Amino acid sequence: MVTLENEGTERITQKDDTYASTEPFVSDMITFHDERLLSNPNAVYDTGDCRTQMTQRILLRVLSHQYINRARRNGPFLLQLTDVNPSNIFVNKECNLTCLVDLEWICALPAEMLAVPYWLTGSHIDRIEDNHLIKFNEIRREFMDILEEEEQGLREHNISISGAMNDTWDSKGVWYWYCISSANSMLTLLEDHICPAFSAVLHSDFEEVLSKFWCENAEDVSTEG
Numbered sequence: 001m002v003t004l005e006n007e008g009t010e011r012i013t014q015k016d017d018t019y020a021s022t023e024p025f026v027s028d029m030i031t032f033h034d035e036r037l038l039s040n041p042n043a044v045y046d047t048g049d050c051r052t053q054m055t056q057r058i059l060l061r062v063l064s065h066q067y068i069n070r071a072r073r074n075g076p077f078l079l080q081l082t083d084v085n086p087s088n089i090f091v092n093k094e095c096n097l098t099c100l101v102d103l104e105w106i107c108a109l110p111a112e113m114l115a116v117p118y119w120l121t122g123s124h125i126d127r128i129e130d131n132h133l134i135k136f137n138e139i140r141r142e143f144m145d146i147l148e149e150e151e152q153g154l155r156e157h158n159i160s161i162s163g164a165m166n167d168t169w170d171s172k173g174v175w176y177w178y179c180i181s182s183a184n185s186m187l188t189l190l191e192d193h194i195c196p197a198f199s200a201v202l203h204s205d206f207e208e209v210l211s212k213f214w215c216e217n218a219e220d221v222s223t224e225g
């Protein structure tokens, strides 16, 4: 979000805002992506691409109830590192963790947003499909086995972190949460992982109709410039 704000997207969530439930948080995240579409002159390639992006945002709103866990919708929310990547992790010769940097990006988020780091296999998030998905799932299972073992001795609350992560993976919700938190992989994740779960394929005729519901006079927005 900070990266997109620095590029000119209007801030939706203010510094003193606190969410008491997951739904308004998700709504504001999608609204933030709406603002990016409106404020960035290079956000789309052409009219067709604009309709596609409008359709994506509409679908994410419609599908939100499929991936928000009702039992956890009002929290508790868990502290999560939102900028964990290989360059921010230091290990010793035995590959034991010794230091984490960029901790200023830590925040409390819905438990559904916890996920095994997508970069463990060296693939970008929008490349994890077919054989890459099989490889990632193998690494993911190994990661989860270790996490479940460690969790038994460290749990300080009644929330099973590994359980929440497995639930989100099994429901394919992990891809939904990556959609709303990603700056540039929304379309690929929606088409590759979410649409197939509903036996759906996005096509231009469908997008031309549905995109009209993105806002009033949406067709004017898609044809500007």
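In terms of UniProt numbering, the sequence shown opens at residue 1 and continues consecutively.
All C-beta atoms, glycine included, are put in the ideal place defined by N, C-alpha and C.
Nothing here was measured: the structure is a model prediction, and the numbers come from that model.
Residue i: which of the options sits nearest, CA to CA?
i	options	result
residue 110	26, 217 and 223	26
residue 127	162, 214, 181 and 185	185
residue 221	40, 30, 146 and 60	40
residue 62	183, 30 and 144	30
residue 114	167, 102 and 198	167
residue 187	88, 28, 197 and 60	60
residue 69	134, 21, 132 and 206	21
residue 85	139, 102, 16 and 67	102
residue 66	209, 206 and 195	195
Is the beta carbon of residue j closer than 9 Å to that of residue i?
i	j	result
residue 81	residue 100	yes
residue 72	residue 112	yes
residue 104	residue 193	no
residue 200	residue 172	no
residue 50	residue 182	no
residue 202	residue 219	no
Give me, in chain order, the residues of the same chain whose beta-carbon lies closer than 7 Å to that of residue i; leave out the 5 immediate sequence neighbours on both sides.
i	result
residue 214	54, 57 and 58
residue 35	9, 10 and 12
Between residue i and the rest of its own chain, which residues show a CB-CB distance below 6 Å, the 5 nearest in sequence each way excluded?
i	result
residue 32	12
residue 37	43 and 53
If I'm right that residue i touches residue j with Cβ under 8 Å, what's the distance once you round it to whole angstroms?
i	j	result
residue 189	residue 175	5 Å
residue 116	residue 77	Residue 116 to residue 77, Cβ: 19 Å. No contact.
residue 108	residue 79	5 Å
To which residues of the same chain is residue i closer than 8 Å at the C-beta, ignoring the five residues directly before and after it?
i	result
residue 147	161, 162 and 165
residue 118	124, 125, 128, 136 and 178
Should residue i be labelled buried (16 or more other beta-carbon atoms within 10 Å of its own) or exposed?
i	result
residue 153	exposed
residue 18	exposed
residue 95	exposed
residue 136	buried
residue 87	exposed
residue 14	exposed
residue 180	buried
residue 204	exposed
residue 141	exposed
residue 45	exposed
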